[in-house]
Amino acid sequence: MTETTFTPLAGLVGGALIGLASVALLLTEGKIAGISGILGRSFFPAKGDLDWRLAFLAGLPLGAWLATRATSDALGFAITDDALQLIAGGFLVGIGTQIGNGCTSGHGVCGMARGSKRSILATLTFMATGAATVYVMRHVLGGA
0 MTETTFTPLA GLVGGALIGL ASVALLLTEG KIAGISGILG RSFFPAKGDL DWRLAFLAGL
60 PLGAWLATRA TSDALGFAIT DDALQLIAGG FLVGIGTQIG NGCTSGHGVC GMARGSKRSI
120 LATLTFMATG AATVYVMRHV LGGA
């Protein structure tokens with residue numbers, strides 16, 4: 000089993016930055032920082048709605064790249080080299096965001112902050128599902 004290092008300061012700083020970015024987007028554009036919605040609506044944007052979407056999406060990998068430069072740990076977590084697993088995972092996440100009418104950022108960060116009952120339920124559901132998946136993978140199937 001892979002050991003995980005507890006890094007509360009990094010989590011606190013990262014969470015605060017996500018919160019600030021979400022508030023900034025809401026105050027400047029009146030939009031919710033839900034990644035799946037921002038990406039999905041980039042393909043057929045409303046007039047004058049593409050620039051901020053592309054800037055937001057470009058900031059995701061740019062922020063990750065900057066974070067790797069600021070720390071000694073290149074990724075902070077292990078990820079598979081198996082392209083099929085990555086594609087399948089992305090596909091399943093896409094299906095989940097469609098079924099749930101949003102993603103973790105839209106429901107978990109923005110929706111819960113607005114007190115949305117639907118977002119609270121969605122967040123409880125995906126957190127419980129994630130915890131159950133980790134339990135099964137580590138303790139039932141014996142994986143990492």
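Heads up, the sequence shown is in numbering that gives the first Met the number 0, so the first residue is 0 and it goes up one at a time. The beta carbon of each residue, even a glycine, is placed where N, CA and C say it ideally should be. As the structure is a prediction and not an experimental result, all values here were calculated from the model.
Cβ shell of residue i (< 7 angstroms), same chain only, five flanking positions each side left out
i	result
leucine 49	Ser41
isoleucine 17	Val108
leucine 59	none
Reference residue i; option with closest CA among the options
i	options	result
isoleucine 98	Tyr134, Thr124 and Ala45	Thr124
isoleucine 94	Ile31, Gly36, Val22 and Phe5	Gly36
alanine 69	Ala9, Thr128, Tyr134 and His138	Ala9
glycine 39	Arg52, Lys30 and Glu28	Arg52
alanine 63	Gly13, Leu83, Gly88 and Met126	Gly13
Contact belief for residue i with residue j at Cβ below 8 angstroms, rounded distance in angstroms
i	j	result
glycine 104	alanine 32	For the record, residue 104 in the displayed sequence is serine; it is not glycine. Indeed, because the Cβ distance is near 6 angstroms, the residues count as touching under 8 angstroms.
phenylalanine 55	leucine 24	7 angstroms
8 angstroms CB neighbourhood of residue i in its chain, flanking five on each side removed
i	result
glycine 101	Gly33, Ser35, Gly36, Gly110, Ser118 and Ala121
Same chain, Cβ closer than 6 angstroms to residue i, neighbours up to 5 away in sequence not counted
i	result
glycine 129	none
task = Jot down the residue ranges of each uninterrupted alpha helix (DSSP H) in the segment 4-79, minimum 4 residues, whole runs only, in chain order.
result = 7-28, 34-39 and 49-69
request  = May I have a chain-ordered list of the alpha helix (DSSP H) segments no shorter than 4 residues that lie completely inside the segment 96-141?
outcome  = 116-134
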